[in-house]
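The opening position of the sequence shown corresponds to residue 50 in the numbering used here, with each subsequent residue numbered one higher. Glycine included, C-beta positions come from ideal geometry on N, C-alpha and C. Please read all numbers here as calculations on a predicted model, not as lab measurements.
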Amino acid sequence: MSNKSSLYRKEPTWFCNRLKSRLNIPANATSWIYEAGSITQRLRDYYGSSVRVQVLNNQWQRAFISESRLLKTHPEKYTLTREVLLYADDTPLVLARTIIPERTISSAQQNLSHLGNRPLGEVIFSYPQLERLALEIAQVPCNSWKPSVQHLTQANQPIWGRRTIYAIHHHPLLVSEFFLPEVLNH
Numbered sequence: 050m051s052n053k054s055s056l057y058r059k060e061p062t063w064f065c066n067r068l069k070s071r072l073n074i075p076a077n078a079t080s081w082i083y084e085a086g087s088i089t090q091r092l093r094d095y096y097g098s099s100v101r102v103q104v105l106n107n108q109w110q111r112a113f114i115s116e117s118r119l120l121k122t123h124p125e126k127y128t129l130t131r132e133v134l135l136y137a138d139d140t141p142l143v144l145a146r147t148i149i150p151e152r153t154i155s156s157a158q159q160n161l162s163h164l165g166n167r168p169l170g171e172v173i174f175s176y177p178q179l180e181r182l183a184l185e186i187a188q189v190p191c192n193s194w195k196p197s198v199q200h201l202t203q204a205n206q207p208i209w210g211r212r213t214i215y216a217i218h219h220h221p222l223l224v225s226e227f228f229l230p231e232v233l234n235h
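This is how it looks when you write it as structure tokens:
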């Protein structure tokens, strides 16, 4: 079992965003995976002010090796890991995992390390210098999630997700978002 995440037992298998990898993605997941704007804002556009953030984990810890590679940090270096559930009216919609290196937090004008229940998207999409550098895709089997997450989300099917490298002032952060069945219906 992994101590690097409160979400998964093992890290998902991620695939590069290539045309071939897009062919097997269901249409209802495609629009979420390729959403160019803030997922939080899209949820609010549909669900209104009932969208909330439940913080599941927020601590300095080592990232997975693939995350360290993408962020160009040493695997032994601690990064801020924030894992949350976005929900509306007690309905789980999106699981998210954010990895933020210390140098990114230092360069950001707003303190990314003290968001509390505030959505990350609300903060980073306000940066005029925000860049999207890369996107990867995963389909995570049910048995990859920790039991507490399975119970919380009631997910009984594989979950589609995306992993995006953003940069603020040329400093990277990694945001992984997993779209639960209820959100794919809208």
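Counting other Cβ atoms within 10 Å of its Cβ, Glu132 reaches 16 or more and is therefore classed as buried.
The Cβ-Cβ distance between Ile154 and Leu161 falls below 7 Å. Per the C-alpha coordinates, the member of Leu129, Phe64, Pro207 positioned closest to Leu223 is Leu129. Here Gly210 is buried. Its C-beta has 16 or more other C-beta atoms within 10 Å. Considered as a whole, the stretch 142-209 harbours 180-189 as its complete beta strand (DSSP E) runs of no fewer than 3 residues, in chain order. Non-local beta-carbon contacts of Phe64 in its own chain, meaning distances under 8 Å to residues more than five positions away in sequence, involve Ser70, Glu185, Ile186, Ala187 in chain order.
DSSP, read as helix, strand or coil, puts Glu231 in helix. Counting C-beta atoms within 10 angstroms of its own C-beta, Trp109 has fewer than 16 neighbours from the protein chains shown and is therefore classed as exposed. By the neighbour-count definition (other C-beta atoms within 10 Å, threshold 16), Glu226 is a buried residue. Apart from sequence neighbours up to five positions away, the residues of its chain that approach Arg152 with a beta-carbon distance below 6 Å are His220, ordered along the chain.
The Cβ neighbour count for Arg181, taken over all protein chains shown within 10 Å, is under 16; the residue is labelled exposed. Assigned with DSSP and collapsed to three states, Glu116 falls in helix. Judged by their CB atoms, Ala76 and Leu233 are not nearer to each other than the 7 Å cut-off. Among the bridge pairs identified by DSSP, Ser225 is matched with Arg146, Arg212. Note on geometry: alpha-carbon atoms of Glu231 and Leu144 lie some 12 Å from one another. Out of Tyr136, Gln90, Gly86, Lys195, the CA that lies nearest to the CA of Pro61 is found in Lys195. Collapsing the DSSP output to three states places Thr89 in a helix.
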